[in-house]
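Below is one structure, written out as C-alpha cells, with a few remarks after it.
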Amino acid sequence: MSDVIKRLVVVGNGMAGVACVEQILKHAPRFEITIFGDETHVNYNRILLSSVLAGERSADEITLNPLDWYQKNEIRLRLGVRVVDVDAEAKTVTGDDGSVTQYDTLLLATGSSAFKPPIAGLDRDGVFAFRTLDDTRQLLERAGPGVKAVVIGGGLLGLEAARGLQVRGCEVTVVHLMATLMERQLDPDGGSYLAGKMEDLGIRVLLGRSTTAIVGNGHAEGVAFEDGMVLEADLVVVAAGIRPNVELAYKAGLRVNRGIVVNDWMETSDPDIFAVGECVEHRGTCYGLVAPLLEQGKVLAATITGNKGPVYSGTVPAAKLKIMGVDVFSAGDWSEQHAEPVRFEDRALGIYKKLTVRDGRLVGAILVGDTSDSHRYMDWLRSGADLTAQRRHLLFPPPASDAGLDIAQMSEGATICGCVGVTKGAIIAAIHEKGVNTLSQLKEQTRASTGCGSCTSLCQDILRAVAPDFEEDGKKVLCGCVPFSQDSLREILRSQRLKSVQEVLEIYGNGTGCEVCKPALSYMLDMIWCGDHDEDRSARFINDRVHANIQKDGTFSVVPRIRGGVTSPAELRRIADVADKYHVPMVKITGSQRIDLLGIRKEDLPKVWADLGMPSGQAYTKGVRMVKTCVGTDFCRFGTQDSTSAGIEMERRFEHLYTPHKVKMASVGCPRNCAEATVKDIGLVGQEGGWQVVVGGAAGKSVRKADLLITVETTESALEAAELFFQYYREHANYLERTYDFVDRLGIDKVRKETIYAPESVRAGLLDRLRKSKAASHDAWLEGQSPVNPTQFIPLQPIENVPS
Ligand SMILES: Cc1cc2nc3c(=O)[nH]c(=O)nc-3n(C[C@H](O)[C@H](O)[C@H](O)COP(=O)(O)OP(=O)(O)OC[C@H]3O[C@@H](n4cnc5c(N)ncnc54)[C@H](O)[C@@H]3O)c2cc1C
Ligand code: SF4
404 MSDVIKRLVV
414 VGNGMAGVAC
424 VEQILKHAPR
434 FEITIFGDET
444 HVNYNRILLS
454 SVLAGERSAD
464 EITLNPLDWY
474 QKNEIRLRLG
484 VRVVDVDAEA
494 KTVTGDDGSV
504 TQYDTLLLAT
514 GSSAFKPPIA
524 GLDRDGVFAF
534 RTLDDTRQLL
544 ERAGPGVKAV
554 VIGGGLLGLE
564 AARGLQVRGC
574 EVTVVHLMAT
584 LMERQLDPDG
594 GSYLAGKMED
604 LGIRVLLGRS
614 TTAIVGNGHA
624 EGVAFEDGMV
634 LEADLVVVAA
644 GIRPNVELAY
654 KAGLRVNRGI
664 VVNDWMETSD
674 PDIFAVGECV
684 EHRGTCYGLV
694 APLLEQGKVL
704 AATITGNKGP
714 VYSGTVPAAK
724 LKIMGVDVFS
734 AGDWSEQHAE
744 PVRFEDRALG
754 IYKKLTVRDG
764 RLVGAILVGD
774 TSDSHRYMDW
784 LRSGADLTAQ
794 RRHLLFPPPA
804 SDAGLDIAQM
814 SEGATICGCV
824 GVTKGAIIAA
834 IHEKGVNTLS
844 QLKEQTRAST
854 GCGSCTSLCQ
864 DILRAVAPDF
874 EEDGKKVLCG
884 CVPFSQDSLR
894 EILRSQRLKS
904 VQEVLEIYGN
914 GTGCEVCKPA
924 LSYMLDMIWC
934 GDHDEDRSAR
944 FINDRVHANI
954 QKDGTFSVVP
964 RIRGGVTSPA
974 ELRRIADVAD
984 KYHVPMVKIT
994 GSQRIDLLGI
1004 RKEDLPKVWA
1014 DLGMPSGQAY
1024 TKGVRMVKTC
1034 VGTDFCRFGT
1044 QDSTSAGIEM
1054 ERRFEHLYTP
1064 HKVKMASVGC
1074 PRNCAEATVK
1084 DIGLVGQEGG
1094 WQVVVGGAAG
1104 KSVRKADLLI
1114 TVETTESALE
1124 AAELFFQYYR
1134 EHANYLERTY
1144 DFVDRLGIDK
1154 VRKETIYAPE
1164 SVRAGLLDRL
1174 RKSKAASHDA
1184 WLEGQSPVNP
1194 TQFIPLQPIE
1204 NVPS
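Going by this note's numbering, the sequence shown runs without a break in its numbering and finishes at 1207.
Here you go:
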C-alpha cells in the first residue's frame, strides 16, 4: 500500500466496527481513523447487557475498549454524534451536530435496532427496548420488588431480559406470539422443555398471544391481547426481534436488501464503502450474533488494508441462552428436512437433546438442560467431520472422554471460544509462549472468553491443565491438589452439594490432598453445611485432631474455657487439683484472661479434660478463642455498660464454632478500653447510651485499629451486629485469612453493606446459618466422654438482664 495517509471513517462504535478497527491496526496501515458512535459510551460488550441487568456485572465491567485505547491508537472518537447523511460523490458524512467529515474509505458498522412491532401505545412511559446500555440502565431504574413486568417476545433476548428483571424482584410474564419459545433456535419439543424451566424459575410464560396495545394513562398500566385479555404491567420490555440499520446505506446509494449487501470480501456496491456486522447481508443472510461479525472483521481488515485475499464464506450460527440454571444451546440447521434426527429426552431430568445428521455429518444440534457437549458439536459442525465411525457416541461421548471436556483428547484445532474463534492450540501457545497463567491474561493475549463468556470454564480447564502457575483471575488457587480459588471452591461445594473432603479431592482434585487443602476443605464443608457434613478428623491439623496445642517439647498445653475471664473458687480448685495430679510443670495466666496448663503428656489429655470438667478454650484451633472483658458497670466507676455480661454472652454464642482463622474478642465498659477491644477481631466498646461494635482489629504480628461497624443502643443489637459480622467472615473470608486482612481487603463499607445494612432476608439468612452451625457444634473435649455436668459451669447472667 502507498505511503499516503488515508482517511478512514467508521460509522458505529459497536462490537463489529471496533473489532474490525482492531484488526486494521494489526495490519499497521497508514490510516487516519475517525469513529462515530451515537451512543455515549465507549465500545462495550453488548452480549453482556443481560448480566448487567441481572446484577452479575457492573456497566464498567463490560467495557471492551476504554478511552485510552482510542487515544493510544490516535483514533478520533466522536461519541454521541449520529451520522445522518452520506454523500458518496463528495465522500463526506454529516453528523447530527452539523459536522461534515471527509473520508477516503467509509466503513458502515451501524448494527441493528430493536424491531417495533405494530402495537399501539409503544410510546407510553414504562415501555422499553433491550438493546443498549442506556436501555439497561433505564430498566434498572424501574425494576424492583413488586413491579409487574411484561416482556413481549420469547426469544433469546426476551428471556434474558425476563430473568434479569425477575432477579431484581419483578413479577415477570413473558408473552410470545408463537406457540413455543425461541422457535428460531429450538424445535417445539426443545421449546416446551425451555418453557418448563422458565416456569420453574418463577417466570410466567404465555404462548400464542398476539399483543395489540400497551394500555394506560400516559404510562404503561397493562398489555392488551387480541383475545381481549389484559395483563397488568408497570413495566413493558419489547424484545420482538431486530432490524439492520440500513438508512445510511440507502442514502449512499448502496445495494440493500434486508441488510447492506456485501460480497465475500465484505465490499459493498461502492468500491470505497465497506460494511460489517449486524447491518450487513452476506449470501442472503443477516446475522444477529457476534461470531460472524468478528470473522467478517478479519476479512474486511485484510481487504481494506490492501491485503485482499481471505474471503468470508459464512458462519454456522450458534446461540446459547445466558440464564444461570437454564442451559440451552442451538446450532446449525436442526430441521429434519433431508436429515436424520438423533434424539434423547428425559423429562424427569429436564434434558432434551437433538442432533441432525446428513450424509454422516452433523448439520444441527439442540441441547436443553445439558449443554456440556456443545463444544464437541460445534467442532463437528465447523469441520464437517464424517461421523460414521462415531455414531454410537453422538449423544453420549465414550465414558473416558468426560462429557467432551477431556482436554487431552481435544484436537489442537478445536475451537474453544466460538465468538472470537480461538482454538485450543492458540490457548496453549499463549500459555507456553506468553507466560499466561490467568484468565485475564488469556483474554488479553487471545481475546478468548471476551464474547458471550460461555467458554470461560473450558478456558479455565485448559489453563488449569496446562499453565504451570495457574491463578483463577488473580486469585491464588488453594493448592496444586485442588487448583481452584477458595471463592470457586465454596461455590462448587455448594452447587454440587459435596459433603466430604475425600469426595471433593476425588472429583475436583488429585484424589489425595495435602496439609494445605485438607484443613481448608474441612473448614469450608463445616461452614457451608452448618455442621451437617461428613467430618473427617484426619483431614484436620494435628492440634484439631488432639484438641490441644502441641508445644516444642512434644507435650501439650490445655486451656479450659473461662467465659469472659470470669471464674469461680470451685473452678480454680479443680484447675489446681489437676495441676497437682498430673504434675503440670507450668500453670500460667495468659494475656487473654485464661489459665494455661503447660507440659501435659498426650496420653493424659482425656483424663485432664474429664477432671477439669470445663469446656475447651479452643486455644489450639482456628476458632473462637476468648472474649476478654473489663469489669464494666459491675465494679468500675467509669463503666457505662455491663461489659462482663455482654462479653460472656458473646462468647457463649460463638464458642465451639470453627472460623477461617482464630478469632479474638473483647468487651469493655467505656472508651478507656481496659480490655483492648479496639485491637480485637470483634470488639464491643460501651459508651453512654449504647455500644460501638468494632471489627478487624489486631495487636499481634500485625497491629491494626478495628473499624467501626455500627453504633447501637442496646446490648442485644450489639450482639446481633457482632453475629452478622462473625458469620459473614466465616462465609466469605479465605481460609487462614484473619479478620484484619479480610476487612482491609473488602473495605468496611462493603462489609457494612453486606451485613448490618443488607436486606432483611440476607441478615436473617446469616443469623439462621450461624444458629444452625451453633446448634450442630459441640465441645471437642466432650467427644467420647461422659457429658460434663452443665451445673459445673459458672452460671450465666441471661442477656435480658443486661442493662442497655
Ligand atoms: C442483550 C443482548 C444480548 C446478546 N447476547 C448475545 C449472545 O449471547 N451471543 C451473541 O453472539 N450475540 C448476542 N447479542 C448480539 C450481539 O450483541 C450483536 O450481534 C453485536 O453487538 C452486533 O454488533 P454490531 O457492531 O454489528 O452492532 P451494534 O452492537 O448494534 O453496534 C452498532 C453501533 O452503531 C451505532 N450506530 C448506528 N447507526 C449510527 C449512526 N448513524 N451514527 C452513529 N452511530 C450509529 C449504534 O448505536 C451502535 O452503538 C446480544 C445482543 C443483546 C442486545
Ligand atoms: S474500660 Fe472503662 S469500664 Fe472497663 S474497666 Fe476500663 S475504665 Fe472501667
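Note that the Cβ used here is the ideal one computed from N, Cα and C, for glycine as well.
State the start and end residues of the unbroken beta strand (DSSP E) segment that holds residue i.
i	result
residue 759	754-761
residue 517	515-517
residue 744	743-749
residue 420	From DSSP, residue 420 is part of no beta strand (DSSP E) but of the alpha helix (DSSP H) over 418-429.
If you check the beta carbons only, do residue i and residue j fall under 7 Å apart?
i	j	result
residue 1025	residue 1059	no
residue 930	residue 896	no
residue 1137	residue 863	no
residue 439	residue 503	no
residue 675	residue 714	no
residue 655	residue 560	no
residue 777	residue 732	yes
residue 819	residue 861	yes
residue 487	residue 414	no
residue 836	residue 827	no
residue 391	residue 1072	Absent from the model: residue 391. The displayed extent of the chain is 404 to 1207, so no value can be given.
residue 1173	residue 1134	no
residue 790	residue 821	no
Kindly list the residues whose CB is nearer than 7 Å to the CB of residue i, restricted to its own chain and excluding five residues on each side of it in sequence; keep chain order.
i	result
residue 570	457, 458
residue 698	715, 718, 824
residue 891	875
residue 602	608
residue 1091	1043
residue 737	590, 757, 759, 767, 768, 769
On the DSSP letters alone, give me the boundaries of the alpha helix (DSSP H) that residue i sits inside.
i	result
residue 887	Not the alpha helix (DSSP H): residue 887 falls in the beta strand (DSSP E), residues 885-888.
residue 1028	Per DSSP, residue 1028 belongs to no alpha helix (DSSP H); it is in the beta strand (DSSP E), 1027-1032.
residue 1147	1142-1149
residue 552	From DSSP, residue 552 is part of no alpha helix (DSSP H) but of the beta strand (DSSP E) over 551-555.
residue 1135	1118-1135
residue 921	920-931
residue 938	Neither: residue 938 is in no alpha helix (DSSP H) and is coded neither H nor E.
By how many angstroms is the C-alpha of residue j removed from the C-alpha of residue i?
i	j	result
residue 982	residue 859	60 Å
residue 599	residue 1117	49 Å
residue 990	residue 1100	29 Å
residue 628	residue 925	56 Å
residue 521	residue 617	11 Å
residue 1171	residue 1129	13 Å
residue 671	residue 422	19 Å
residue 1029	residue 543	46 Å
residue 851	residue 462	20 Å
residue 972	residue 979	10 Å
residue 804	residue 846	Note that residue 804 scores 41 on pLDDT, short of 50, meaning its location in the model is unreliable; the coordinates nonetheless yield the value given after this. Each residue's alpha carbon lies about 26 Å from the other.
residue 1146	residue 797	51 Å
residue 1018	residue 966	10 Å
residue 772	residue 752	8 Å
residue 785	residue 687	20 Å
residue 536	residue 545	14 Å
residue 606	residue 1162	23 Å
Among residues of its own chain, excluding the 5 on either side of residue i, which ones have a beta-carbon nearer than 6 Å to its beta-carbon?
i	result
residue 1113	1096, 1124, 1159
residue 678	511, 663, 665, 671
residue 999	960, 962, 991, 993
residue 684	660, 661, 662, 664
residue 619	527
residue 436	411, 478
residue 448	465, 467
Which same chain residues end up closer than 8 Å to residue i when comparing Cβ atoms and leaving out the 5 residues on each side of it in sequence?
i	result
residue 884	908, 912, 913, 915, 916, 917, 919, 920
residue 626	553, 555, 578, 614, 616, 617, 618, 633, 634, 636, 639
Kindly confirm or deny that the stretch 528-544 and the stretch 692-706 touch, where touching means at least three C-beta pairs closer than 8 Å.
-> no
Would you check if the stretch 1003-1011 and the stretch 952-968 touch, i.e. whether three or more CB-CB distances between them fall below 8 Å?
-> yes
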